[in-house]
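Quick notes on the structure that follows.
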Amino acid sequence: MNGSNHMKNKTLVISGATRGIGKAILYRFAQSGVNIAFTYNKNVEEANKIIEDVEQKYSIKAKAYPLNVLEPEQYTELFKQIDADFDRVDFFISNAIIYGRSVVGGFAPFMRLKPKGLNNIYTATVLAFVVGAQEAAKRMQKIGGGAIVSLSSTGNLVYMPNYAGHGNSKNAVETIVKYAAVDLGEFNIRVNAVSGGPIDTDALKAFPDYVEIKEKVEEQSPLKRMGNPNDLAGAAYFLCDETQSGWLTGQTIVVDGGTTFK
């Protein structure tokens with residue numbers, strides 16, 4: 001265990017943590033003794049494997065819950081279940097995304113964008129963050145504060161082919177993070193975002209131009225590599241650790257390997 005005793009026995013709620021960035025974040029917090037309540041979409045087998053692994057390795061408590069971020073109101077019942085399993089909520093990280101059939105009409109060139117696809121991306125990115133953060137904040141108020149983080153991406157800063165629907169929603173969630181930070185500050189709740197450049201995950205590999213993106217990022221980054229999930233996990237942990245970021249709120253931390261400037 002990484003000796004962060006001030007984090008031990010606190011509780012993280014994170015959406016979409018059975019793979020990729022979410023899984024890396026889950027393990028980063030578990031290593032510091034943080035209990036984990038995480039969601040999955042369909043892969044209950046992987047969720048159970050993660051629970052068994054982190055409980056055995058790090059002597060923490062972990063529970064998994066099904067969640068469809070296209071139905072953000074599910075968060076209300078989800079947090080009631082979390083209340084029954086955990087005695088506190090210290091951190092909430094909105095990470096779950098959608099791809100595949102759900103984003104048809106949203107992941108496309110501008111002239112092929114469709115309202116349904118755009119709405120699905122907005123719902124999963126922005127509305128799910130809002131409802132999840134609201135429910136988390138209610139619990140954080142009872143313990144004197146906490147930290148909320150939304151994952152974002154640099155597709156709202158630089159052009160990425162077919163990414164208009166996602167980039168637009170990332171812009172929106174970063175804006176609502178600022179408003180949440182102002183409104184929740186009086187409760188000692190900090191709200192920030194982590195914006196990642198292209199990260200080597202299954203979600204990115206689902207893009208038809210994945211190989212081209214990977215080669216371009218490796219060429220463009222001064223560090224000459226693509227980002228990996230642990231790069232974002234470290235930033236998310238930093239934003240939740242009040243000993244490191246206690247006066248940081250309403251901000252978006254860009255973790256892009258230097259690609260957006262170049």
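If you count the sequence shown from 1, position 132 lands on 132 in our numbering, and the numbers rise without skipping. A virtual CB, placed ideally from N, CA and C, is assigned to each residue, including glycine. If you're wondering where the values come from, they're calculated on a predicted model, not measured in any experiment.
Outcome for residue i when other beta-carbon atoms lying within 10 angstroms are tallied against a minimum of 16
i, result
"F79", "buried"
"E174", "buried"
"S102", "buried"
"G16", "buried"
"H166", "buried"
"T243", "exposed"
"L184", "buried"
"V194", "buried"
"M111", "exposed"
"T249", "buried"
"Q81", "exposed"
"V254", "buried"
"D85", "exposed"
"G246", "exposed"
"E52", "exposed"
"F261", "exposed"
"E77", "exposed"
"E215", "exposed"
"Q31", "buried"
"K10", "buried"
"E135", "buried"
Residue i - DSSP class collapsed to helix/strand/coil
i, result
"F38", "strand"
"K63", "strand"
"T243", "helix"
"T252", "strand"
"S32", "coil"
"D196", "Note that residue 196 is Gly in the sequence shown, not Asp. Three-state result, G196: strand."
"F79", "helix"
"D85", "helix"
"N271", "Nothing can be reported for residue 271, as the shown portion of the chain is limited to 1 through 262."
"K8", "coil"
"E73", "coil"
"D209", "coil"
"N43", "coil"
"K262", "coil"
"G20", "helix"
Cross-strand partners of residue i (DSSP beta bridge)
i, result
"V191", "I148"
"I14", "F38, I93"
Supposed contact pair residue j and residue i - C-beta distance, whole angstroms, cut 8 Å
i, j, result
"G100", "G117", "At roughly 11 Å, the Cβ-Cβ gap does not stay under 8 Å, so G100 and G117 are not in contact."
"G196", "T259", "Their Cβ separation, rounded to whole angstroms, is 10 Å, which puts G196 and T259 out of contact at 8 Å."
"I60", "V34", "7 Å"
"S221", "L151", "About 20 Å; that fails the 8 Å criterion."
"I189", "G155", "27 Å between Cβ atoms; not a contact."
"M226", "D200", "5 Å"
"V217", "I176", "Contact doesn't hold; Cβ gap of about 28 Å is too wide."
"V89", "V13", "6 Å"
"A233", "F187", "Not really, about 26 Å apart at Cβ, beyond 8 Å."
"A64", "Y40", "6 Å"
"A96", "L67", "7 Å"
Q: Identify every run of the alpha helix (DSSP H) within the segment 89-143, keeping only runs that are complete inside it and at least 4 residues long; order them along the chain.
A: Those alpha helix (DSSP H) runs which fall completely within the segment 89-143 and span 4+ residues are 115-122, 128-142.
Q. In chain order, which alpha helix (DSSP H) runs of at least 4 residues are fully inside the segment 213-241?
A. Unbroken alpha helix (DSSP H) stretches of 4 residues or longer found wholly inside the segment 213-241: 229-240, given in chain order.
Q. Unbroken alpha helix (DSSP H) runs of length 4 or more, entirely within the segment 149-185: which are they?
A. Entirely contained in the segment 149-185, the alpha helix (DSSP H) runs reaching 4 residues are, in chain order, 164-184.
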